[in-house]
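Chains as they are written, first to last, in our numbering: chain A, 1 to 289; chain B, 290 to 452.
Quick reminder that beta carbons are idealized off the backbone N, C-alpha and C, glycines included.
Please read these numbers as outputs of a predicted model, since none were measured by experiment.
Working notes for the structure below.
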Amino acid sequence: MYANFDLHLPKDLSAALAILGDAGDDAKVMPLAGGTNLIVDIRARSLTPAALVGIGDISHLRGIDVTNGQVVMGGKTTVSDILRSPELTDRASSLVDSARVFGGQMVRNTATVAGNICYASPAADLVPPLLVLDAEVTLERREGERTLPLSEFYLDYKRTARRPDELLTRITWPARSSDSVDLFYKLARRKGDAITIAGIAVALGVADGKCTRARIALGAVAPIVMRALEAERMLEGETLTPELIEAAAHQAAQAASPVDDLRASGKYRRHCVQVLTSRLLTQAWRRLS
Amino acid sequence: MNKTKQITLLINGRTHRAAVPANETLLETLRGLGYFEVKSGCEKGDCGACAVLVDDEAVDSCLTLTWTVKTQRVTTVSGLGTIEDPHPLHTAFIERGAAQCGFCTPGLIIAAESMLRNDTRDPSLDDMRLALSGNLCRCTGYTKVFDAVTAAARVVREEGGPK
Ligand SMILES: Cc1cc2nc3c(=O)[nH]c(=O)nc-3n(C[C@H](O)[C@H](O)[C@H](O)COP(=O)(O)OP(=O)(O)OC[C@H]3O[C@@H](n4cnc5c(N)ncnc54)[C@H](O)[C@@H]3O)c2cc1C
Ligand code: FES
Ligand code: FES
């Protein structure tokens with residue numbers, strides 16, 4: 001491959017954080033996980049890192065655990081790991097569904113959750129489900145770690161709160177019970193290996209016939225994967241009716257700011273946000289009642 | 290300049306020592322060592338022609354830097370069996386006419402083998418679509434590929450291989 005870079009393969013997390021820490025704010029020293037974004041961009045010369053820090057040998061960053069009512073997922077967990085995880089099938093069906101329509105097998109076998117989050121594509125398929133699950137991300141650097149809600153991680157198109165010397169080491173979210181449902185739908189040209197035109201996730205919680213918790217996340221229809229906060233507020237505390245669902249879906253579509261590109265027009269994308277949000281909310285509510 | 294390192298690779302059960310630069314992909318290393326059955330199609334993860342097994346999982350060798358696989362087993366389509374003792378997938382692809390020009394075949398067989406090892410040995414049509422959606426074939430229309438994988442999976446189940 002035509003490119004010039006140094007490649008570090010630290011044996012453990014502290015060694016990786018030391019290399020990143022020595023580079024400080026130099027964003028030319030980049031973590032390398034599955035490489036399914038990075039290697040493609042380096043070959044296309046849209047990225048020209050001076051050094052890559054391969055995190056493949058840091059094995060404890062991979063895996064899914066449920067402890068103390070929390071789902072804890074290592075940053076290096078792959079998309080295939082999500083599909084093969086018995087823990088997640090009931091606890092995060094939106095995330096499992098997004099993993100199922102993610103790339104092709106070879107990409108799923110190597111692509112990591114942290115890579116999907118940190119690359120910050122608006123079309124990142126794992127992000128809408130993680131947003132509706134109320135995921136938090138833990139970022140570690142030599143000096144210590146911090147945890148922030150995923151909803152505060154994205155600043156603008158491909159800009160995140162991550163400092164260049166931080167690694168995303170864990171993703172956590174509260175494990176919920178049967179009084180909550182989360183769903184995801186990816187609209188694309190095909191089911192397999194296609195870039196998302198609109199990716200919608202919703203989550204609803206219910207108690208005594210009323211919606212206690214509503215989350216709606218929209219992918220590929222704004223500079224970042226976004227929450228439709230206004231629409232969520234319309235639903236919380238209410239008994240959902242077809243009219244209310246329609247109104248919330250309309251609100252979500254208005255909140256999006258989709259662009260025209262080779263995959264779809266902005267107008268079509270906005271229409272799809274309305275239709276898909278309404279459809280998913282209806283399905284989720286029906287499952288709860 | 291890219292740094293170069295002497296590394297040891299285990300490919301199809303054979304040990305190789307090679308001087309490999311930091312920026313070299315596994316696809317480049319394998320073809321450089323004469324493993325021409327590993328095909329170079331798109332070199333960006335779209336076509337799956339370059340798929341190989343690293344340990345038991347299929348990866349696109351065009352997206353893998355060689356230094357990162359140094360302690361693992363690499364298997365190409367030729368490492369799964371020989372002319373005298375072919376793998377059930379080899380046999381089924383021939384018998385069912387699942388290879389036409391053959392360019393995609395090494396990758397398809399590796400992806401199918403990865404599914405049989407890691408996911409299911411009794412794949413439905415949807416399982417096969419999921420497992421093979423990262424492999425492009427311009428010739429067969431995939432129907433005969435699915436026939437072949439179904440037939441090979443049956444043989445593997447009867448032989449009682451892994452999983
Ligand atoms: C053919 C193909 C199909 C694809 N299909 C899809 C799809 O359907 N849906 C989808 O969402 N994406 C898709 N992608 C994009 C890509 O696979 C995903 O975004 C993937 O999750 C990236 O993860 P990675 O481990 O490969 O990241 P890498 O490429 O290794 O890294 C991506 C970015 O994240 C940073 N990074 C990685 N790990 C960490 C960490 N732990 N801490 C901090 N920063 C980190 C890197 O420095 C880099 O900036 C596809 C890519 C290809 C090539
Ligand atoms: S050459 Fe690697 S996926 Fe096409
Ligand atoms: S047989 Fe020709 S590309 Fe598949």
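For arginine 385 of chain B, decide whether its Cβ has a neighbour in chain A, counting only Cβ atoms nearer than 8 Å. no
From the DSSP output, in three-state form, read off leucine 145 of chain A for me. In the sequence as displayed, the identity of residue 145 of chain A is glutamate instead of leucine. Glutamate 145 of chain A: strand per DSSP, three-state reduction.
Report back the beta-carbon spacing between valine 40 of chain A and leucine 352 of chain B to the nearest angstrom; my notes put them in contact at under 8 Å. Sure, about 7 Å apart at Cβ, within 8 Å.
Closer than 7 Å by beta-carbon distance: list the chain A residues that pair up with leucine 369 of chain B, in chain order. Here the premise fails: no neighbours, minimum Cβ distance about 16 Å.
By how many angstroms is the C-alpha of tryptophan 173 of chain A removed from the C-alpha of leucine 150 of chain A? 10 Å
CB-CB under 8 Å to isoleucine 42 of chain A, same chain, minus the five flanking residues each way: which ones, in chain order? Met1, Ala3, Phe5, Thr48 and Pro49
Of the residues that make up the segment 410-433 of chain B, which ones have a beta carbon closer than 8 Å to any beta carbon in chain A? Arg418, Leu419, Ala420, Leu421, Ser422, Gly423 and Asn424
Name the DSSP beta bridge partners of methionine 30 of chain A, please? A:Leu52
Helix, strand or coil for tyrosine 268 of chain A? Go by DSSP, reduced to three states. helix
With DSSP as the reference, identify every bridge partner of methionine 73 of chain A, one or two as the case may be. For methionine 73 of chain A, the beta-bridge partners assigned by DSSP are A:Ile64 and A:Ile171.
Leaving aside the five residues before and after alanine 437 of chain B along the sequence, list all residues of the same chain whose C-beta is less than 6 Å from its C-beta, in chain order. Ala381, Phe382, Arg385 and Ala387
Whole runs of the beta strand (DSSP E) within the segment 317-385 of chain B, excluding any shorter than 3 residues: 340-343, 346-349 and 362-364
Can you find a C-beta in chain A that's less than 8 Å from the C-beta of lysine 328 of chain B? no
Taking 6 Å as the limit, name every residue whose beta carbon sits nearer than that to some heavy atom of ligand 2, in sequence order. B:Ser329, B:Gly330, B:Cys331, B:Glu332, B:Gly334, B:Asp335, B:Cys336, B:Gly337, B:Ala338, B:Cys339, B:Asp349 and B:Cys351
Say the cut is 7 Å; is the CB of glycine 391 of chain B nearer than that to a heavy atom of ligand 3? Yes, since a heavy atom of ligand 3 falls inside the 7 Å radius drawn around the Cβ of glycine 391 of chain B.
Whole runs of the beta strand (DSSP E) within the segment 71-154 of chain A, excluding any shorter than 3 residues: 136-141 and 144-149
Taking 7 Å as the cut-off, is the beta-carbon of proline 258 of chain A closer than that to any non-hydrogen atom of ligand 1? no
Segments assigned alpha helix (DSSP H), at least 4 residues, entirely inside the segment 388-440 of chain B: 394-407 and 414-421
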